[in-house]
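Following the working numbering, the numbering of the sequence shown begins with 3 at its first residue and continues without gaps.
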Amino acid sequence: LFLNPGSEETEVWRELAETGSFSSETLQGIRVPLSYAVHPSWVARLEDSAAKQNTWLHDLLLAVAYAEAGEVQRPQQLLQRSLLASSGQRSPVAARCLAVLSADVETAWSYMTMAWELALEPAPAKESAEVTARLRRNVLGE
3 LFLNPGSEET EVWRELAETG SFSSETLQGI RVPLSYAVHP SWVARLEDSA AKQNTWLHDL
63 LLAVAYAEAG EVQRPQQLLQ RSLLASSGQR SPVAARCLAV LSADVETAWS YMTMAWELAL
123 EPAPAKESAE VTARLRRNVL GE
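Written out as structure tokens, the structure reads:
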């Protein structure tokens, strides 16, 4: 099922495959997934899991998958909801994706500013210094 089963990059997907959801440790311990899956089989798993217990991470991952499929409105709604979630992390990636999906420059700039501010926040427990640095470089590079 996984090319590199013990890697950080596949951790959220392994957890979803094994448990059908994401643990509170994962939801509180990360703010960005290190990989994305847009294949219909993974999207279906995410949708099934979200129907049982939706989280900010479900919203983020589904939004990316739907955007990759060419959608705009549904990903925007999911990304906004992920940023408003009362539990879990506010992901700089969600704000960055909203900037990319925005139709006007002012809105896009507002979301990119938010992405940078979120990227500068202290890293959650499971985020390594390398991931934090890479996240900040990626947001700044936009």
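Note that CB positions come from ideal geometry on N, CA and C, so glycine has one too. Keep in mind it's a predicted model, so treat the numbers as computed, not measured.
What residue ranges within the segment 20–46 form continuous alpha helix (DSSP H) runs of no fewer than 4 residues, ordered along the chain? 26–31
If you pair each beta-carbon of the segment 19–31 with each one of the segment 57–67, do three or more pairs fall below 8 Å? Yes: the two stretches touch, three or more of their Cβ pairs being nearer than 8 Å.
Kindly list the residues whose CB is nearer than 7 Å to the CB of Met116, restricted to its own chain and excluding five residues on each side of it in sequence; keep chain order. Close CB contacts of Met116 within its chain, under the 7 Å cut and outside five residues either way in sequence, are with Ala97 (chain order).
Nonlocal neighbours in the same chain, by C-beta distance under 6 Å from Tyr68, ignoring five residues either side: Arg76 and Pro77
Boundaries of the alpha helix (DSSP H) in which Gly72 is found, first to last residue: That residue, Gly72, is in no alpha helix (DSSP H); it is neither H nor E in DSSP.
For Gln78, the three-state DSSP class (helix, strand or coil): helix
If you draw a straight line from the alpha carbon of Asp50 to that of Gln79, how long is it in whole angstroms? So the alpha carbons of these two residues sit roughly 18 Å apart.
With a floor of 3 residues, list each beta strand (DSSP E) that falls wholly inside the segment 82–135, ordered by position along the chain. none
Taking a contact to mean a Cβ-Cβ separation below 7 Å, would you say Arg92 touches Asp61 in this structure? no
Residue burial classification, Pro42 (beta-carbon count within 10 angstroms, cutoff 16): exposed
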